[in-house]
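Peer 1:
Residue numbers (our numbering): 1 to 420.
Okay, here's the thing in structure tokens:
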């Protein structure tokens, strides 16, 4: 009974395990993707500045600006298991991540308003039902959507702009794993949950010289009260030990702080250096609530699970070059270290130190209508797990999963921009 109960607890801890760096989505603007995400100085560019630095809204031309985009993310990973000497690859699964922004800038009033709809966290993993790690993870899926109105005001002869906004975020999660009962016999656990919450953001941008701009943008942590149901499938059923029922947990998605320094080399070339801090250490402890406790469904149960995440940083650099009046090209690079030590790596998301390379283009079909496209390749370093950490008394087969992970991703993005 203790063994089965531990497996269920591990599964319900899944939301904190999967939300590592790979589940934070920064691809919420196509121009920014093409520049490696170095888009936080408040330079403006288009309405997608609302996501990266909403102070940049005042740098847009007078009037209404609309941006709509879609990123297709195709992640991949494989795992070599030391004990069985087998290699398993993630099943193919692509994710379409949309975004939409509307900004209205009133130059004569030094004031801009905007609203954005984007996906700050998401993606998932799908392993084969019979793979060697099926007792840890088979399927995980996370989706969040934020609606984010902002206001920006410029002062000091338009050199300084301040911005602030409110975020309404909705999230849902789906989890699946196998549960061992005896040799040759296993069951399955599925869990679904959802929640919503309010958070805030603030930003500034300052024109240091006519060619140099410094910006910073902060998004507070997102505290989601996730509530849902867990269902168990055993043959034969085990209702006296595991009963279908509700449960929940409070999930703290991390704060995000971005800074950017941009410089206009000449009338055609602009470069930007970006630095991003992500507060993953908010995962110090997760309290999981069971209305029907594993092992004893007649009694409610709450289990506290320590997490080992640490704050992480991302370094970004990008360049944007105007080839002609109607055509621009850009490129970028970024480095994103994993926010968790290798010994705590799990197959829910085989995260690793990541190096990304990007390319992008823009074409002005008319003066009011622009099409953007970008490509982003992410290469994850080999993640070697030895002597994987686990809680005292936890079955070694459930979490002692030494081996080597290799992860990568291909991202294609396209966007449309309108100005009126």
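Glycine included, every Cβ here is placed at the ideal spot set by N, Cα and C.
(1) Counting only the same chain and skipping the five closest in sequence on each side, list residues whose C-beta sits under 6 Å from that of residue 258.
(2) Can you tell me whether DSSP reads residue 108 as helix, strand or coil?
(3) Would you report the Cα separation of residue 141 and residue 408, rounded to the nearest angstrom?
(4) Whose CA, out of 171, 85, 360 and 419, lies closest to the CA of residue 366?
(5) So what does DSSP say about residue 88, is it helix, strand or coil?
(6) Report buried or exposed for residue 189, applying the criterion of at least 16 other Cβ atoms within 10 angstroms of its Cβ.
(7) Can you grab the Cα-Cα spacing for the pair residue 137 / residue 156, in whole Å?
(8) Can at least three beta-carbon pairs, one atom from the segment 232 to 247 and one from the segment 149 to 165, be found at a separation below 8 Å?
(9) Kindly list the residues whose CB is nearer than 7 Å to the CB of residue 186, restricted to its own chain and excluding five residues on each side of it in sequence; keep chain order.
(10) Among all the DSSP beta bridges, which residues are the ones paired with residue 177?
(11) Taking the alpha carbon of residue 210 as the point to measure from, which residue in 37, 103 and 270 has its own alpha carbon closest?
(12) I need the straight-line Cα distance from residue 386 to residue 406, nearest angstrom please.
(13) Tell me whether residue 62 is buried or exposed, calling it buried when 16 or more other Cβ atoms sit within 10 Å of its Cβ.
(14) Where DSSP assigns a beta bridge to residue 143, which residues make up the other side?
(15) Inspect the beta-carbon positions of residue 282 and residue 246 and report whether they are closer than 8 Å.
(16) Below 8 Å on the Cβ atoms is my contact criterion, and I expect residue 112 with residue 204 to pass it. Report the Cβ-Cβ distance as a whole number of Å.
(17) Taking 6 Å as the limit between beta carbons, can you name the residues of its chain near residue 75, skipping five residues before and five after?
(18) When DSSP labels each residue in this structure, what does residue 206 get in the three-state scheme?
(19) Could you check the C-alpha separation between residue 411 and residue 97 for me, to the nearest Å?
(20) If residue 322 sits next to residue 268, beta carbons under 8 Å apart, how far is it from one beta carbon to the other, in whole angstroms?
(21) Quick test of your reading: residue 424 and residue 148, contact by CB under 8 Å. State the CB separation rounded to the nearest angstrom.
(22) Cβ of residue 123 within 8 Å of Cβ of residue 95?
(23) Looking at C-beta atoms only, is the number of pairs between the segment 125 to 132 and the segment 158 to 173 that lie closer than 8 Å three or more?
(24) Taking the DSSP output, what are the residues bridged to residue 117?
(25) I'd like to know whether the C-beta atoms of residue 38 and residue 415 end up nearer to each other than 8 Å.
Peer 2: With the given structure in hand:
(1) 40, 217 and 276
(2) helix
(3) 18 Å
(4) 419
(5) strand
(6) buried
(7) Rounded to whole angstroms, residue 137 to residue 156 spans 55 Å at the Cα level.
(8) no
(9) The residues 178, 179 and 180, in chain order, have a CB closer than 7 Å to that of residue 186 in the same chain once the five nearest residues on each side in sequence are set aside.
(10) Residue pairing for residue 177: DSSP places it in a beta bridge opposite 189.
(11) Looking from the CA of residue 210, the closest CA among 37, 103 and 270 belongs to 270.
(12) Answer to the nearest angstrom: the Cα atoms are 15 Å apart.
(13) exposed
(14) 122 and 172
(15) no
(16) The pair is not a contact, with the Cβ atoms about 14 Å apart (cut-off 8 Å).
(17) 409
(18) strand
(19) 10 Å
(20) 4 Å
(21) For the chain, the structure presents residues 1 to 420; residue 424 sits outside this window and is missing.
(22) The answer is yes: Cβ separation under 8 Å.
(23) In short, these stretches do not touch, since the Cβ pair count stays below three.
(24) 100 and 147
(25) no
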